[in-house]
Amino acid sequence: MAPAQPSVCPFCQAPLGRSDARFCPACGRSLPVPAATGPSTIITTGSATLHISEPGVERDVVLGVQPLTIGRAPDNDIVLQSRFVSGRHARIEPNGQGHRIVDVGSRNGLLFAGQRITMRELADGDVLRIGDPATGNFVSLTYHNTALTTTAALREVPSRFPLDPNDPEITIGRIGCDIILDNPQVSRFHARLDRAPGGGVLLRDMGSTNGTFVNGQRVTAPVVLKPGDVIQIGAFKLVYNVTSLDRYDQRGALRIDARNLSRVVSRNGVQRVILHDVSLSIAPREFVAIVGGSGTGKSTLMKALCGYAPADQGEVLVNGDDFYRNFAAYRSVLGYVPQDDILHRTLVVQRALEYAARLRLPADTTDQEIVARIERVLDDVEMSAHRDKSIEALSGGQRKRVSIGAELLADPSLFFLDEPTSGLDPGLEKKMMYTLRRLADSGRTVVLVTHATANITQCDHVIFMAGNGRMVFFGPPAAALNFFQITSGDFADIYTKIEGVATADHPVVRQDLRAEYEAWQAAHPQAASPPSLAELWEMRYRQSALYRQYVAERLAATPAGPHVESGQTSQTTQRISAWRQFGLLTRRYLDLMLQDRRNLLILLLQAPIIALLLLLVARSDALTGVQAQDLIQRGEAKKVLFMLATVSVWFGIINAAREITKEQAVYRRERLVNLQIGPYLFSKVTVLSLLILVQTIVLLGMLLFKVALPGETGILLPPLIETFLTLFLSSGAGMALGLAISAASATPDRAISLVPFALIPQILFAGLIFAIEGLATPLSWLTISRWSMDALGASLDLNRLCDLPNTDDQGSIPAGCTPGFLEIEAAFTHDPLHLIGRWAALLGYAGICLLITAWLLRRRDRVI
1 MAPAQPSVCP FCQAPLGRSD ARFCPACGRS LPVPAATGPS TIITTGSATL HISEPGVERD
61 VVLGVQPLTI GRAPDNDIVL QSRFVSGRHA RIEPNGQGHR IVDVGSRNGL LFAGQRITMR
121 ELADGDVLRI GDPATGNFVS LTYHNTALTT TAALREVPSR FPLDPNDPEI TIGRIGCDII
181 LDNPQVSRFH ARLDRAPGGG VLLRDMGSTN GTFVNGQRVT APVVLKPGDV IQIGAFKLVY
241 NVTSLDRYDQ RGALRIDARN LSRVVSRNGV QRVILHDVSL SIAPREFVAI VGGSGTGKST
301 LMKALCGYAP ADQGEVLVNG DDFYRNFAAY RSVLGYVPQD DILHRTLVVQ RALEYAARLR
361 LPADTTDQEI VARIERVLDD VEMSAHRDKS IEALSGGQRK RVSIGAELLA DPSLFFLDEP
421 TSGLDPGLEK KMMYTLRRLA DSGRTVVLVT HATANITQCD HVIFMAGNGR MVFFGPPAAA
481 LNFFQITSGD FADIYTKIEG VATADHPVVR QDLRAEYEAW QAAHPQAASP PSLAELWEMR
541 YRQSALYRQY VAERLAATPA GPHVESGQTS QTTQRISAWR QFGLLTRRYL DLMLQDRRNL
601 LILLLQAPII ALLLLLVARS DALTGVQAQD LIQRGEAKKV LFMLATVSVW FGIINAAREI
661 TKEQAVYRRE RLVNLQIGPY LFSKVTVLSL LILVQTIVLL GMLLFKVALP GETGILLPPL
721 IETFLTLFLS SGAGMALGLA ISAASATPDR AISLVPFALI PQILFAGLIF AIEGLATPLS
781 WLTISRWSMD ALGASLDLNR LCDLPNTDDQ GSIPAGCTPG FLEIEAAFTH DPLHLIGRWA
841 ALLGYAGICL LITAWLLRRR DRVI
């Protein structure tokens with residue numbers, strides 16, 4: 001029996017008085033005969049159709065030999081109801097065997113591949129959209145014509161470059177080469193083909209940033225090519241066929257096939273499944289959402305798909321290649337936006353993107369190319385008007401867009417986002433989904449994790465995850481409502497149906513899953529506990545036609561193009577100059593410090609404030625004794641030096657304790673791209689050293705307004721210079737300790753809470769307040785203040801300032817003291833080797849702390 005006539009006119013959306021009406025009472029147009037296959041509307045006859053999808057309405061229009069107008073006005077041939085559609089929006093005209101679409105001066109235009117167009121000759125499968133940036137709504141127009149080749153098939157046809165046997169070399173690169181690969185991931189002069197003796201061909205990588213790969217292995221030395229070898233450069237594959245190179249452009253043509261992905265974690269000796277046997281297939285340019293409750297394995301699945309945290313079992317294929325084994329070859333085509341912002345908030349948008357571009361793009365990218373690339377990505381994420389604003393002044397949605405823009409700088413073809421709409425209000429969430437829809441249309445396969453379901457109709461497919469990492473649905477959003485038998489139209493109602501324990505009297509079991517529950521009981525007669533609802537929904541989905549259509553049949557289809565078979569896992573990172581990266585990171589860190597003026601002011605005020613307090617209590621002759629009218633006490637000098645040493649260590653620790661942990665999201669993302677630990681760490685050391693240099697000069701300079709230094713007591717240098725060097729080295733060692741604390745801390749607050757544990761030993765084991773003996777002696781070797789005090793005392797020759805009157809047991813005067821004064825202390829020996837040894841200890845302490853910091857940072861690579 002044929003379905004009933006729709007209740008509204010498909011042209012003008014006016015209500016119909018009769019279910020069998022032949023003409024619309026409002027616009028007078030002939031109404032289509034209802035199709036026997038469903039709710040779609042068919043107009044006239046023909047082989048080309050236009051599928052129209054509006055919010056709440058879907059229909060098909062058959063295209064003939066007559067032009068058809070599209071718009072909101074009721075006298076158009078195809079009437080659209082959405083208010084953001086112009087009254088006269090577009091026209092579809094016959095064009096040979098196919099059609100073309102023309103914008104007739106509409107307000108919001110036509111979008112194809114994420115960009116506005118005025119005219120396009122349509123290919124089978126083309127999707128055009130009319131979008132409303134203000135509300136984030138779309139009207140989608142999908143053209144089908146079996147007489148034409150699909151756009152996807154056209155992309156799979158390789159470009160052939162003949163190889164002239166008389167040509168001694170052929171260059172491959174981004175600009176000005178024999179074979180041009182126009183992509184920001186490709187270096188200007190990327191690789192070269194040379195004729196080898198005997199007529200073969202040698203492939204050389206010319207020091208490219210992102211590398212050249214042959215059959216999945218990075219080229220580190222000249223490689224003799226064999227027929228059928230696959231050369232991979234960024235998103236391009238070049239197949240060597242002796243007489244030619246066949247170029248496959250994979251931009252906008254990357255598909256993901258996942259088979260039987262599982263992951264198990266062990267916590268406190270208990271193993272727990274967090275991803276359970278998930279299989280799916282995502283086609284190129286599809287926009288896919290992974291949704292589900294907290295702890296259902298959404299982020300685990302996404303990280304398994306993008307290769308940053310591979311599954312324990314199963315495989316992921318990208319265009320047929322083993323993704324895990326060839327991860328290094330695909331690293332440059334990945335974009336990944338974590339939940340946290342991946343740009344420093346104190347920078348302005350333009351500046352932050354400039355640093356990101358210089359770190360991620362090849363070193364030979366010119367300033368003009370970087371500016372053009374930033375312009376493009378700001379336009380893509382609709383943030384051009386905010387380029388000069390500080391990132392911290394932006395809204396949550398705008399900050400997320402800037403983070404997405406940073407990922408787009410390298411033009412990734414695979415794009416993964418973890419909770420990009422988290423914390424956004426419904427309006428901003430909808431606009432974010434609008435932006436991601438455009439990015440997918442522009443040639444990227446987009447996968448995002450989200451809790452929100454209000455706008456997942458923007459997606460091509462949705463993945464519902466339930467308890468213990470089970471995939472209970474994969475398919476079009478509209479089909480999910482039917483599968484879970486949700487009549488309210490609210491996707492959030494699905495959550496209540498897929499979580500919980502299944503029992504015989506559970507409402508969901510009684511209404512939806514009775515057959516699955518009985519089948520489970522028959523298969524597990526001795527089970528001690530009942531199944532979860534997730535397990536039963538998983539069983540139902542795998543037995544459904546949806547699973548066969550969207551999973552089984554897709555996985556069975558072999559993708560076109562060459563495949564790489566790699567015999568070993570390749571995890572080589574990108575090649576980038578450590579010196580260049582160090583320079584960029586140092587400039588950025590200095591910029592960040594200068595931009596955070598409030599924090600910088602607090603750090604700079606520490607030195608003068610502490611120096612003023614010290615001036616209030618220090619004696620002017622504490623280090624010399626030349627003005628004393630009575631016995632000079634060495635204890636007064638030791639107190640001053642103790643304060644100098646302890647304050648210097650404090651400066652170093654407090655300056656550095658937050659500097660790594662506060663940007664761990666930025667570090668983790670850049671580390672996954674190309675960040676090297678050495679340049680990153682030494683950029684911190686360089687800028688922080690400038691800060692402690694200023695602090696030491698101010699502290700020591702202000703102290704000298706009152707407290708005089710001995711005139712001729714220096715060992716190697718004048719006493720002022722030796723004292724300055726000791727204090728600077730003490731602060732440097734404290735800075736290295738602070739960086740280690742920061743690298744070991746999960747949050748800035750936790751790092752600050754650990755600072756007292758680092759400072760209190762500096763006070764206890766410095767040798768002033770308590771005598772250092774027994775077990776305290778080796779512990780004192782682990783403190784900075786101990787070595788700092790020794791070096792200061794040696795430089796200023798504290799042994800000449802004898803302490804309280806005393807004699808030895810025989811009543812004689814100790815050597816080195818005037819009559820009636822205390823003995824010489826070995827810690828303050830006025831000797832060059834003694835001083836150099838203490839300086840070396842401070843340097844060694846700093847070096848060990850920096851090595852620990854580097855080790856802690858490398859450990860973070862495994863915690864993704």
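In UniProt numbering, the protein residues as written are 1 to 864. A virtual CB, placed ideally from N, CA and C, is assigned to each residue, including glycine. Treat the numbers as computed from the prediction; the structure is a model and nothing was measured.
> With DSSP run on the structure shown, which of helix, strand or coil describes residue 859?
Replying inline: helix
>> Taking a contact to mean a Cβ-Cβ separation below 8 Å, would you say residue 260 touches residue 313 in this structure?
In response: yes
> Does the segment 444-464 come within contact of the segment 284-292, defined as at least 3 CB pairs closer than 8 Å?
Replying inline: yes
> Closest by CA to residue 243, which one among 660, 227, 235?
Replying inline: 227
> Taking C-beta to C-beta, are residue 853 and residue 687 nearer than 8 Å?
Replying inline: no
> For residue 838 versus residue 787, is the C-beta distance shorter than 8 Å?
Replying inline: yes
>> Could you check whether the segment 289-304 touches the segment 463-470, counting it as contact only if at least three pairs of C-beta atoms, one from each stretch, sit closer than 8 Å?
In response: yes
>> Along the chain, where does the beta strand (DSSP E) containing residue 94 start, and where does it finish?
In response: 90-95
>> Quick check: what's the CA-CA separation for residue 325 versus residue 305?
In response: 13 Å
> Under the rule that 16 or more other beta-carbon atoms within 10 Å means buried, what is residue 276, buried or exposed?
Replying inline: buried
> If you check the beta carbons only, do residue 245 and residue 223 fall under 8 Å apart?
Replying inline: no
> Any idea what DSSP makes of residue 283, helix, strand or coil?
Replying inline: coil
> Going along the chain, which unbroken runs of the alpha helix (DSSP H) with 4 or more residues stay wholly within the segment 112-168?
Replying inline: 151-156
>> When you compare the CB positions of residue 653 and residue 584, do they come within less than 8 Å of one another, or not?
In response: no
> Leaving out five residues before and five after residue 201 in sequence, what residues of the same chain have Cβ atoms less than 6 Å from its Cβ?
Replying inline: 193, 225
> Is DSSP giving residue 367 helix, strand or coil here?
Replying inline: helix
>> Can you look up residue 298 in the DSSP assignment and give me helix, strand or coil?
In response: helix
> Between the C-alpha atoms of residue 382 and residue 271, what's the straight-line distance to the nearest angstrom?
Replying inline: 45 Å
> Which two residues bound the contiguous beta strand (DSSP E) that contains residue 445?
Replying inline: 445-449
>> Considering just the uninterrupted stretch of the beta strand (DSSP E) at residue 330, what are its terminal residues?
In response: That residue, residue 330, is in no beta strand (DSSP E); its alpha helix (DSSP H) goes 327-330.
> In its own chain, which residues sit with a C-beta less than 6 Å from the C-beta of residue 589, not counting the 5 before and 5 after it?
Replying inline: 683, 687
> Between which two residues does the alpha helix (DSSP H) carrying residue 429 extend?
Replying inline: 426-441
> residue 724 lies in the alpha helix (DSSP H); which residues open and close that run?
Replying inline: 719-744
> Does the Cβ of residue 138 have 16 or more other Cβ atoms within 10 Å, making it buried, or fewer, making it exposed?
Replying inline: buried
> Closest by CA to residue 378, which one among 359, 403, 360, 355?
Replying inline: 403
> Are the segment 337-345 and the segment 666-679 touching, with three or more C-beta to C-beta distances below 8 Å?
Replying inline: yes
>> Could you tell me the alpha carbon to alpha carbon distance between residue 41 and residue 98, rounded to whole angstroms?
In response: The predicted model places residue 41 with a pLDDT of 38, which falls under 50 and marks its position as unreliable; any figure quoted below should be read in that light. Roughly 21 Å separates the two Cα atoms.
> Which residues mark the beginning and the end of the beta strand (DSSP E) in which residue 586 is found?
Replying inline: Unbroken run through residue 586 is the alpha helix (DSSP H), 578-595; no beta strand (DSSP E).
>> So, at 8 Å on beta carbons, what are the nonlocal neighbours of residue 391 in its own chain, with the 5 sequence-adjacent residues on each side left out?
In response: 341, 343, 344, 345, 346, 347, 348, 349, 352, 399, 402
> Buried or exposed: residue 427, going by 16 or more other Cβ atoms within 10 Å of its Cβ?
Replying inline: exposed
> Under the three-state reduction of DSSP, which class applies to residue 396: helix, strand or coil?
Replying inline: helix
> So what's residue 709 in DSSP terms, helix, strand or just coil?
Replying inline: coil
> residue 552 to residue 235, Cα distance in whole Å?
Replying inline: 27 Å
> Which residue's Cα is closest to the Cα of residue 677: 610, 581, 638?
Replying inline: 581
>> Between residue 846 and residue 733, how many whole angstroms is the CB-CB distance? I'm expecting something under 8 Å.
In response: 4 Å
> Nearest-angstrom Cα distance between residue 178 and residue 441?
Replying inline: 31 Å
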